[in-house]
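Student:
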Amino acid sequence: MSQPRMSQPLSHPALSAADPELAALVGAEEQLQADTLRLIPSENYVSAAVLEATGTVLQNKYSEGYAGRRYYEGQQNIDQVETLAVERAKAVFGVEHANVQPYSGSPANLAAYLAFAEPGDTVLGMALPMGGHLTHGWGVSATGTWFRGVQYGVRPDTALIDFDEVRDLARKERPKIIFCGGTAVPRTIDFAAFGEIAREVDAVLVADIAHIAGLIAGGAHPSPVPHADVISTTTHKTLRGPRGAMLMSRASHAKAVDKAVFPGLQGGPHNHTTAAIAVALREAAAPSFRDYAHAVVANAKALAEALLARGYDLVSGGTDNHLVLIDLTSKEVPGKVAAKALDRAGIVVNYNTVPFDPRKPFDPSGIRIGTPSLTSRGLGTDRMPLVAEWIDRSVQAAAKGDEDALTVIRGEVAELMAAYPAPGLPTA
Ligand SMILES: *Cc1c(COP(=O)(O)O)cnc(C)c1O
Numbered sequence: 001m002s003q004p005r006m007s008q009p010l011s012h013p014a015l016s017a018a019d020p021e022l023a024a025l026v027g028a029e030e031q032l033q034a035d036t037l038r039l040i041p042s043e044n045y046v047s048a049a050v051l052e053a054t055g056t057v058l059q060n061k062y063s064e065g066y067a068g069r070r071y072y073e074g075q076q077n078i079d080q081v082e083t084l085a086v087e088r089a090k091a092v093f094g095v096e097h098a099n100v101q102p103y104s105g106s107p108a109n110l111a112a113y114l115a116f117a118e119p120g121d122t123v124l125g126m127a128l129p130m131g132g133h134l135t136h137g138w139g140v141s142a143t144g145t146w147f148r149g150v151q152y153g154v155r156p157d158t159a160l161i162d163f164d165e166v167r168d169l170a171r172k173e174r175p176k177i178i179f180c181g182g183t184a185v186p187r188t189i190d191f192a193a194f195g196e197i198a199r200e201v202d203a204v205l206v207a208d209i210a211h212i213a214g215l216i217a218g219g220a221h222p223s224p225v226p227h228a229d230v231i232s233t234t235t236h237k238t239l240r241g242p243r244g245a246m247l248m249s250r251a252s253h254a255k256a257v258d259k260a261v262f263p264g265l266q267g268g269p270h271n272h273t274t275a276a277i278a279v280a281l282r283e284a285a286a287p288s289f290r291d292y293a294h295a296v297v298a299n300a301k302a303l304a305e306a307l308l309a310r311g312y313d314l315v316s317g318g319t320d321n322h323l324v325l326i327d328l329t330s331k332e333v334p335g336k337v338a339a340k341a342l343d344r345a346g347i348v349v350n351y352n353t354v355p356f357d358p359r360k361p362f363d364p365s366g367i368r369i370g371t372p373s374l375t376s377r378g379l380g381t382d383r384m385p386l387v388a389e390w391i392d393r394s395v396q397a398a399a400k401g402d403e404d405a406l407t408v409i410r411g412e413v414a415e416l417m418a419a420y421p422a423p424g425l426p427t428a
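Residue 170 in the UniProt record's numbering sits at position 170 of the sequence shown, and the numbers go up by one each step.
(1) L128: which of G335, V154, E283 sits nearest, CA to CA?
(2) State the beta-bridge partners of S232 as determined by DSSP.
(3) Here's a check: name, in chain order, each residue in its chain whose Cβ is nearer than 7 Å to the Cβ of F356, leaving out the five neighbours to either side.
(4) With 16 other CB atoms within 10 Å as the buried threshold, where does A111 fall?
(5) According to the Cβ coordinates, are T122 and P175 closer than 8 Å?
(6) Among the residues of its own chain, which have a CB less than 8 Å from the CB of R282, if the five just before and after it don't count?
(7) If you reduce the DSSP assignment to three classes, tell me which class D164 lands in.
(8) Could you tell me the alpha carbon to alpha carbon distance between G370 and P20, rounded to whole angstroms?
(9) With a threshold of 7 Å, establish whether the CB of H133 neighbours any heavy atom of ligand 1.
(10) Closer than 7 Å: is that where the CB of S106 sits relative to any heavy atom of ligand 1?
(11) Counting only runs that start and end within the segment 355-414, where is the alpha helix (DSSP H) found for 4 or more residues in a row?
(12) Decide if P224 is buried, meaning its Cβ has at least 16 other Cβ atoms within 10 Å, or exposed.
(13) Taking the alpha-carbon of D258 as reference, which of P107, D392, A220, V349 has the nearest alpha-carbon?
(14) Out of R393, A286, R69, E173, state which residue places its alpha-carbon closest to the alpha-carbon of V408.
(15) By a C-beta neighbour count over all protein chains shown, 10 Å radius and 16 as the cutoff for buried, is G195 buried or exposed?
(16) Taking contact to mean 3 or more Cβ pairs, one atom from each stretch, closer than 8 Å, check whether the segment 197-208 and the segment 72-81 are in contact.
(17) Whose C-beta lies closer than 6 Å to the C-beta of A295 among residues of the same chain, with five residues either side of it excluded?
(18) Can you tell me which of the three DSSP states Q151 falls into?
(19) Between the C-alpha atoms of Y312 and M126, what's the straight-line distance to the nearest angstrom?
(20) Does at least one heavy atom of ligand 1 sit under 7 Å from the Cβ of residue 443?
(21) If you follow the alpha helix (DSSP H) that A338 is part of, which residue opens it and which one closes it?
(22) Have a look at A422 and R377 and give me their C-alpha separation to the nearest angstrom.
(23) Assign Y292 to one of three DSSP states: helix, strand, or coil.
(24) Write down every uninterrupted run of the alpha helix (DSSP H) in the segment 12-58 whose length is 4 residues or greater and which is fully enclosed by it, in chain order.
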């Protein structure tokens, strides 16, 4: 592990005075986020306003319950904060009900189980190695041990969701809940097709839009409304808010959702997070957010094109959203080796399984990249050929064990990123 830089961060005077060791780590992380090209599709840069909201005295409060029905006094301001967040969520996503209290995406999904299934019930979700999330009933997750997870995948020829398989499984297994959405799905989710299947078998359809919530808010991906019964989302990925989550639903499911989150699963809400969610949703309602959402997709498509031109195999052949899944099999570089080399070159990605991966999950064939962070810094499609070139040179350097080449790329990356200041980071 590299040592934190010794220069003191300018932006956290109290922290620097009280705990220089921790402050130095925060400063080093600020430097890392400034200097590197961050391509993790679930990450982003929040605005300075969102960051400030998370650091407020709102975090000092306990507020079990919901606005107007709390178990604690002193909620004059907190009730208004939460109501703002709820009303903004309803407006941005066009939903009848929103619960902004889930601590993160995984607990939000667990609350959906609690609301609509009993332990041992069958749930249908996308298999993790096909692009689904752990919490969609995968075996190592509580959702796959306390419930009976049945999993669908993608077609081997197209890498697209196989709706014949989904329908057949739903008819045969009669799941209580069907999950759609995922963590490594580069294509548009057909919410209408899932909705039709869920209605046919009388299942609750949960659209987990954690990755694409910002694209939906900005009109760059179709909305799950009115096809889904419940919408689950994180707030910190493309939506560009604080780490947190929301559950949204029709009015008819409002009670079940609220009861599951509190008192079913959680205690007091994180009010500083609620405030930052409200700020992020205000930002998401602004016209500039539509530009951002469409730019994220345009960048991903341009990056995919540039990688294809360099001979890379992309799962499903490209992308409709913010995410590109590269299958490195033909390059003869394992995903993990490539990801670690890219990291040394200042390009941050994660290694990832590809559908029907012959390699092990901890040493898979692919890497997963995405464009939310670079778009938030203002990079446009004109820069994507260069990004593809850096990825290609890094993968080639990884194959040859050429550390010097990675160091050269790291310098080039830092130089370009300096021209695109990141939101929320100190510029000094
Ligand atoms: C990220 C993600 C989650 C989990 O969110 P955490 O906040 O990490 O718990 C759930 N579902 C999907 C589809 C995700 O991408």
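C-beta: ideal position from N, C-alpha, C; glycine also.
Tutor: In this structure, then:
(1) On the sequence shown, residue 128 is found 128 positions in, with the first residue counted as 1. Ranking G335, V154, E283 by Cα distance to L128 puts V154 first.
(2) Locating residue 232 in the sequence shown gives position 232, counting from the first residue. Paired residues: D208, L247.
(3) Position 356 of the sequence shown, counting from 1, holds the residue named residue 356. Excluding positions up to five away in sequence, the list reads P156.
(4) By 1-based counting over the sequence shown, the position of residue 111 is 111. Label assigned to A111: buried.
(5) For the purposes of this step, residue 122 is taken as the residue at position 122 of the sequence shown. For the purposes of this step, residue 175 is taken as the residue at position 175 of the sequence shown. Going by C-beta atoms, T122 is nearer than 8 Å to P175.
(6) Numbered from its first residue, the sequence shown carries residue 282 at position 282. Cβ neighbours of R282 beyond the five flanking positions: R88.
(7) Within the sequence shown, the letter at position 164 stands for residue 164. D164 falls in the helix class under three-state DSSP.
(8) Here residue 370 refers to the residue found at position 370 of the sequence shown. Here residue 20 refers to the residue found at position 20 of the sequence shown. Cα to Cα, the separation comes out at about 34 Å.
(9) For the purposes of this step, residue 133 is taken as residue 133 along the sequence shown, with counting starting at 1. For ligand 1, at least one heavy atom lies less than 7 Å from the Cβ of H133.
(10) Within the sequence shown, residue 106 is the residue found at index 106, counting from 1. At least one heavy atom of ligand 1 is nearer than 7 Å to the Cβ of S106, so yes.
(11) 372-376, 384-400
(12) Within the sequence shown, numbered from 1, the residue matching residue 224 stands at position 224. It counts as buried.
(13) Along the sequence shown, one-based indexing puts residue 258 at 258. Out of P107, D392, A220, V349, P107 has the C-alpha closest to the C-alpha of D258.
(14) Reading the sequence shown from its first residue, position 408 is the one you call residue 408. Ranking R393, A286, R69, E173 by Cα distance to V408 puts R393 first.
(15) If you number the sequence shown from 1, residue 195 lands on position 195. G195 should be labelled buried.
(16) no
(17) Reading the sequence shown from its first residue, position 295 is the one you call residue 295. The answer, listed in chain order, is T375.
(18) Here residue 151 corresponds to residue number 151 of the sequence shown, with the count starting at 1. Q151 falls in the strand class under three-state DSSP.
(19) Your numbering for residue 312 matches position 312 in the sequence shown. Your numbering for residue 126 matches position 126 in the sequence shown. Roughly 25 Å separates the two Cα atoms.
(20) Residue numbering for the chain in the displayed model covers 1 to 428; residue 443 lies beyond these limits and cannot be assessed.
(21) Here the question's residue 338 lines up with position 338 in the sequence shown. It spans 335-344 - the alpha helix (DSSP H) in which A338 sits, taken as one unbroken run.
(22) Residue 422 sits at position 422 when you count from the first residue of the sequence shown. Residue 377 sits at position 377 when you count from the first residue of the sequence shown. Near 5 Å, if we compare the C-alpha coordinates of R377 and A422.
(23) One-based indexing of the sequence shown puts residue 292 at position 292. Looking at Y292 - three-state DSSP - the assignment turns out to be helix.
(24) 13-18, 20-35, 48-54
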